[in-house]
Ligand code: ADP
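Numbering (the working numbering), first residue to last: 5 to 177.
Structure follows, in structure tokens:
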């Protein structure tokens, strides 16, 4: 698996699957979730509603998959990151589960190329440095990583981009 760092907007990535930082309702929200639903159109919301009807939304740390509607990607993997509380509420494990469960779902759906947003580091206020550490560690140690060709970390804000640049440089040196 090749790991790539991108500074930009995840809704513009030409990959098989983009990973959304959703919330437990799956009905859309602010931040990247809002951007994905706005640009991807109503088919994404319809599939989210169908999942809700079947299993009642998505729990923190878990992931579900839908069409990507009008986005260049084929699928959206919606995962629900933990809201940062005090760091002692299992946030780190839950964030790790987001990455692993999203990657498992990607492999099950024969996804070859995948883009991740920086889950939980916006409205949910997970400290960015710790979140990047968890994201990279989860991906690098993912048991089935050979089944995915390309993984992009798409950083929207400058701070995350800088943090990931430093950590990925360490990884490659
Ligand atoms: P959460 O509630 O999980 O914190 P947010 O959407 O508020 O989710 O933020 C998660 C991350 O997504 C933040 O780092 C934010 O900068 C980033 N982000 C916001 N919009 C986009 C976008 N269009 N593409 C990629 N990342 C985005």
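Idealized CB from N, CA, C, for every residue including glycine.
Please specify which runs of the alpha helix (DSSP H), each continuous and at least 4 residues long, are wholly inside the segment 78–152, giving them in chain order. The qualifying runs are 95–112 and 132–144.
Would you mind reading off the limits of the alpha helix (DSSP H) that contains residue 53? Within the chain shown, residue 53 is the residue found at index 49, counting from 1. Going by DSSP, residue 53 is part of the alpha helix (DSSP H) stretching over 46–59.
Just to confirm, does residue 94 get its C-beta within under 7 Å of one of the non-hydrogen atoms of the ligand ADP? Your numbering for residue 94 matches position 90 in the chain shown. Result no, Cβ not under 7 Å from the ligand ADP.
Buried/exposed call for residue 175, threshold 16 Cβ in 10 Å: Taking the chain shown and counting its residues from 1, one reaches residue 175 at position 171. That one is exposed.
Within a Cβ cutoff of 7 Å, which residues of the same chain sit near residue 104, ignoring the five residues on either side of it in sequence? Mapped onto the chain shown, residue 104 falls at position 100. Within its own chain, the residues whose Cβ lies closer than 7 Å to the Cβ of residue 104, once the five positions on either side in sequence are excluded, are 142 and 146, listed in chain order.
Any non-hydrogen atom of the ligand ADP within 7 Å of residue 122 CB: What you label residue 122 is simply residue 118 of the chain shown in a count that begins at 1. Yes, the ligand ADP has a heavy atom inside 7 Å of this Cβ.
Taking 7 Å as the cut-off, is the C-beta of residue 103 nearer than that to any heavy atom in the ligand ADP? Counted from its first residue, the chain shown places residue 103 at position 99. Because no heavy atom of the ligand ADP lies under 7 Å away, the Cβ of residue 103 does not count as near it: no.
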